[in-house]
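Participant: I have a structure I would like to understand better, so I am pasting it below and will then ask my questions one at a time.
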Amino acid sequence: MWRSWLRGGAEIARGEWVLHRRERGGVARRGLAFAVFVVGAALGWGAYGIGREVAGGESVPFGVLGIAAAATMAWVAWRSSRLTRDSFEGLNPEFLLTTVPARIPALGLLVVVYARVATVLAVPTVAIGVGGAVGLRTPALALTVVLAVAAATAAAVGVGVSVRLVASLAASRLSRGRTYRDLVVLFGWVPLVVGWFLLIETVERVSIAWLAAAPTRGVADLALLGAAGRTGADPASGLAALAVFASGAALSVGTTTFLARRIWEGEPAGRAPKTGSHPLLEPGWVERLTGERIPRPVRTVARKRWLVERRTARGLLYAGQVVGFSGIVLFPAGILAGGVPLFVLVVHSLGLAVGIVFGSDPIGIEYRGLQMMLTTVGGRAFVGGFLLAALAPAAVIVPAVVLPLGAVSTATAGETLSFVLFGIAVCGSTATLALAVGLGVERSAFVPHPGFFTDAPWYIEIGWEQFGRLGVVLVAATLSALPAFVGTHPVVYEYLAGAGLSVPATRSVSLLLGALVAVGVTRLASEIAIDRYEGYSFE
């Protein structure tokens, strides 16, 4: 039985391999082969040098080898995941599953992914093994190096394939699977950057002795097993690593088969909900909170903006750019300025993000119904609707972030309340500034383009002008909050404390002054936006 499974999996893998070779041109194959040869030669020469040093009495750098092994296995898992996406989509299960059980194409998927990864690793592996064996004068070392790389690669390939299939299965079961995928694409770099900084801080405190005792030490012990007497490798650790890799590779066969069968043969458990239409004129929570104090056109425009954002999450794309602005410009500038409190920078960034989400790109968002909007809604109602669409979420999000931070910090109750008002005011100024700038763009500058989170095309600008305008909005909103940055700076409130003013009072007044300036900017930007809206032309 196992023989027939292996034969069937090999046939499917061979077919996928032939298709891959046909899709990749000869020039690309020769270029990849040349690059692999150059890298292999460099690694082989380095292994030869290390082998000679060890033969001369130097110790083996097990810590460095362990890090290299971990990095290589991580790359293999990532590469396997990418290859699985292409190979899995080309298996045509509607034809295969009528002739063979699911385990055979699943096994073929593992074989073809392993073969494609092995073609890249083969030359460097052999070069390292031969170079180390020649330098150390121990021929058996070449065999154990190849064995270690082959076993570790098999386990890493199994992990990469399984992770990709789990992601595919989750996407088929989630009604908003594409939304979650696009969120990872847009904001997945944020935890990576945070993790990188944490790693830098941590690695400085980690000793080489700990790295030598890490789990990846077993890979180095297995690779050096052919020269254990001369390198100090632990045979028991190497054999244990081999057993773990073998078990992992065997387990990946069952895991891949199970996941592939669930994807191919199972029905999705969730479907997109049939929400139907959402009338924009029916009374809702805004009316329950405000009654008739807000004009109906303003409420309608705001409700339409919330509905668009809920269905496409278009403004969330701009929030990601605010995160980049804060991390690259705002936070480093605060540090260089002598230590602007992190609390102020966080609240300001939060206000920027919420304001940008609901105030940016009004022409692109209203593109399809812009002519009707211009002929039925006045300028004050339109700008007021966008401002309401930004301030209502800010009135919930900003306190939800500020109050817990204020509770765990040294800020007083008055300062915490000032932070809340400051964040909401920054949100309003950012939204109106983005609205005023966005209404200055001609409709002819927008073209349909595939967007995130939805299959419907977005209407966006092509070029760098939109990023320049976004930068102007963020800088202008930041400058309008300058009194808050100045008054909460340690140099300023400590100097005023010497004159008899309390520190909490100084910081609270500074935040309120920053909020007041932001309100003034909101008023001015709103008038500009109203004028641009009422004078907007399609010509």
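Converting from the sequence shown to the numbering used here requires adding 12 to each position, the first position being numbered 1.
Just so you know, even glycine gets a beta-carbon here, dropped at the ideal spot from N, CA and C.
#1: With DSSP as the reference, label Phe550 as helix, strand or coil.
#2: Rounded to whole angstroms, what is the Cα-Cα separation between Gly435 and Leu482?
#3: What's the gap between the Cα of Gly332 and the Cα of Ile340?
#4: Thinking Val88 and Val169 are a contact (beta carbons under 8 angstroms), I'd like their distance in whole angstroms, please.
#5: Roughly how many angstroms lie between the CA atoms of Gly397 and Arg544, to the nearest whole one?
#6: Give the DSSP-derived three-state secondary structure of Val459 in the structure shown.
#7: Roughly how many whole angstroms lie between the Cα atoms of Arg176 and Thr131?
#8: By the three-class DSSP mapping on this structure, what secondary structure does Ile306 have?
#9: Going by DSSP, what residues sit across from Glu638 in a beta bridge?
#10: My output table needs one value for Val529: the three-state DSSP class, helix, strand or coil.
#11: Arg326 lies in the alpha helix (DSSP H); which residues open and close that run?
#12: Can you tell me whether Ser92 is buried or exposed, with buried defined as 16 or more other CB within 10 angstroms of its CB?
#13: Have a look at Trp318 and Ala541 and give me their C-alpha separation to the nearest angstrom.
#14: For the candidate residues Val171, Leu148 and Leu536, whose alpha-carbon lies nearest to that of Arg94?
#15: Which of the three DSSP states, helix, strand or coil, is assigned to Leu536?
#16: Grouping DSSP H, G and I as helix and E and B as strand, with all else coil, what is Asp543?
#17: Pick from Ala448, Ser259 and Leu342: whose alpha carbon is nearest that of Arg392?
#18: Looking at Val533: is its Cβ nearer than 9 angstroms to the Cβ of Ser441?
#19: Using the rule of at least 16 other Cβ atoms within 10 Å of the residue's Cβ for burial, across every protein chain shown, is Pro344 buried or exposed?
#20: Pop quiz: Gly238 and Leu153 are said to be a contact at Cβ under 8 angstroms. What is the actual Cβ separation, rounded to whole angstroms?
#21: For the alpha helix (DSSP H) that Ser71 lies in, which residues bound it at each end?
#22: Classify Glu506 as helix, strand or coil using the three-state DSSP reduction.
#23: Return the chain-ordered list of same chain residues with a C-beta closer than 6 angstroms to the C-beta of Ala167, the five sequence neighbours on each side being excluded.
#24: Should Met412 be labelled buried (16 or more other beta-carbon atoms within 10 Å of its own) or exposed?
#25: With DSSP collapsed to three states, give me the class of Glu378.
#26: Do you know how far the Cα of Ala139 is from the Cα of Gly52?
#27: What's the gap between the Cα of Leu364 and the Cα of Thr422?
#28: May I have the straight-line CA-CA distance separating Ala406 from Tyr471, to the nearest angstrom?
#29: Do Ala402 and Phe370 have their CB atoms nearer than 9 angstroms?
#30: Helix, strand or coil: how does DSSP classify Val173 here?
#31: Have a look at Thr518, Thr490, Pro117 and Thr243 and flag the residue whose alpha-carbon is nearest the alpha-carbon of Ser338.
#32: Could you give the DSSP three-state label for Val256: helix, strand or coil?
#33: Is it right to say Leu486 is buried, meaning 16 or more other beta carbons lie within 10 angstroms of its own, or is it exposed?
#34: Measuring straight from C-alpha to C-alpha, what distance separates Val453 and Ile375?
#35: Tell me the DSSP secondary structure of Arg36 in three-state form.
#36: Please report how far the alpha carbon of Ala511 lies from the alpha carbon of Gly418, in whole angstroms.
Facilitator: Concretely, from the data shown:
#1: Residue numbering aside, residue 550 sits at position 538 when the sequence shown is read from its first letter. Of the three classes helix, strand and coil, the one that applies to Phe550 here is coil, per DSSP.
#2: Taking the first residue of the sequence shown as position 1, residue 435 is located at position 423. Taking the first residue of the sequence shown as position 1, residue 482 is located at position 470. Rounded to the nearest angstrom, the two C-alpha atoms are 19 angstroms apart.
#3: As a working mapping, residue 332 is identified with position 320 in the sequence shown. As a working mapping, residue 340 is identified with position 328 in the sequence shown. For Gly332 and Ile340, the distance between alpha carbons rounds to 12 angstroms.
#4: Residue mapping note: residue 88 aligns to position 76 of the sequence shown, counting from 1. Residue mapping note: residue 169 aligns to position 157 of the sequence shown, counting from 1. Contact holds; Cβ gap of about 6 angstroms.
#5: What you label residue 397 is simply residue 385 of the sequence shown in a count that begins at 1. What you label residue 544 is simply residue 532 of the sequence shown in a count that begins at 1. About 15 angstroms.
#6: Numbered from its first residue, the sequence shown carries residue 459 at position 447. Looking at Val459 - three-state DSSP - the assignment turns out to be strand.
#7: Here residue 176 refers to the residue found at position 164 when the sequence shown is read from its first residue. Here residue 131 refers to the residue found at position 119 when the sequence shown is read from its first residue. Approximately 21 angstroms, taken between the alpha carbons.
#8: Along the sequence shown, read from residue 1 onward, the residue named residue 306 stands at position 294. Residue state, collapsed to three classes: coil.
#9: This structure gives no information on residue 638, because the portion of the chain shown stretches from 13 to 551.
#10: On the sequence shown, residue 529 is found 517 positions in, with the first residue counted as 1. Note: Val529 maps to helix in three-state DSSP.
#11: Sequence index remark: in the sequence shown, residue 326 carries index 314 (1-based). Note, Arg326: premise wrong, no alpha helix (DSSP H); not H, not E.
#12: Here the question's residue 92 lines up with position 80 in the sequence shown. Ser92 should be labelled buried.
#13: Counted from its first residue, the sequence shown places residue 318 at position 306. Counted from its first residue, the sequence shown places residue 541 at position 529. So the two alpha carbons sit approximately 20 angstroms from each other.
#14: Working through the sequence shown from its first residue, we reach residue 94 at position 82. Here the closest residue by C-alpha is Val171.
#15: What you label residue 536 is simply residue 524 of the sequence shown in a count that begins at 1. Reduced to three states, the DSSP call for Leu536 is helix.
#16: One-based indexing of the sequence shown puts residue 543 at position 531. Correct three-state label for Asp543: helix.
#17: If you number the sequence shown from 1, residue 392 lands on position 380. Ranking the options by Cα distance to Arg392, first place goes to Ala448.
#18: Counting from one through the sequence shown, the residue named residue 533 turns up at place 521. Counting from one through the sequence shown, the residue named residue 441 turns up at place 429. If you check the CB distance, Val533 and Ser441 come in under 9 angstroms.
#19: Along the sequence shown, one-based indexing puts residue 344 at 332. By the neighbour-count rule (16 or more Cβ atoms within 10 Å), Pro344 is not buried but exposed.
#20: As a working note, residue 238 is residue 226 in the sequence shown. As a working note, residue 153 is residue 141 in the sequence shown. Their Cβ separation, rounded to whole angstroms, is 4 angstroms, which keeps Gly238 and Leu153 in contact under 8 angstroms.
#21: Sequence index remark: in the sequence shown, residue 71 carries index 59 (1-based). No alpha helix (DSSP H) contains Ser71, which DSSP labels as neither H nor E.
#22: Within the sequence shown, residue 506 is the residue found at index 494, counting from 1. Reduced to three states, the DSSP call for Glu506 is helix.
#23: Counted from its first residue, the sequence shown places residue 167 at position 155. Within the same chain, and ignoring the five residues on either side of Ala167 in sequence, the residues whose Cβ sits closer than 6 angstroms to its Cβ are Phe257, Gly260 and Ala261.
#24: The residue you call residue 412 lines up with position 400 of the sequence shown. At residue 412 the sequence reads Ala, which differs from the Met that was named. Ala412 is exposed by the Cβ-count criterion.
#25: Position 366 of the sequence shown, counted from the start, is the residue given in the question as residue 378. Looking at Glu378 - three-state DSSP - the assignment turns out to be coil, as it is neither helix nor strand.
#26: The sequence position of residue 52 within the sequence shown is 40, counting from 1. The sequence position of residue 139 within the sequence shown is 127, counting from 1. Cα to Cα, Gly52 sits roughly 6 angstroms from Ala139.
#27: Counted from its first residue, the sequence shown places residue 364 at position 352. Counted from its first residue, the sequence shown places residue 422 at position 410. When rounded, the distance between both Cα atoms is 24 angstroms.
#28: Residue mapping note: residue 406 aligns to position 394 of the sequence shown, counting from 1. Residue mapping note: residue 471 aligns to position 459 of the sequence shown, counting from 1. Taking the straight line from one Cα to the other gives about 26 angstroms.
#29: Position 390 of the sequence shown holds residue 402. Position 358 of the sequence shown holds residue 370. Closer than 9 angstroms, so yes.
#30: The count along the sequence shown starts at 1 and reaches residue 173 at position 161. The answer is helix: DSSP assigns Val173 an H, G or I state.
#31: By one-based count along the sequence shown, residue 338 stands at place 326. Comparing Cα-Cα distances from Ser338 to each of Thr518, Thr490, Pro117 and Thr243, the minimum goes to Thr490.
#32: Taking the first residue of the sequence shown as position 1, residue 256 is located at position 244. Residue state, collapsed to three classes: helix.
#33: The sequence position of residue 486 within the sequence shown is 474, counting from 1. Leu486 is buried by the Cβ-count criterion.
#34: Within the sequence shown, numbered from 1, the residue matching residue 453 stands at position 441. Within the sequence shown, numbered from 1, the residue matching residue 375 stands at position 363. One Cα belongs to Val453, the other to Ile375, and the distance between them is close to 8 angstroms.
#35: Walking along the sequence shown from the start, residue 36 turns up at place 24. Residue confidence is low: Arg36 scores 49 on pLDDT, short of 50, so the model does not pin down where it sits. Its coordinate-derived value is still stated next. Three-state result, Arg36: coil.
#36: Walking along the sequence shown from the start, residue 511 turns up at place 499. Walking along the sequence shown from the start, residue 418 turns up at place 406. Taking C-alpha positions only, Ala511 is separated from Gly418 by approximately 26 angstroms.
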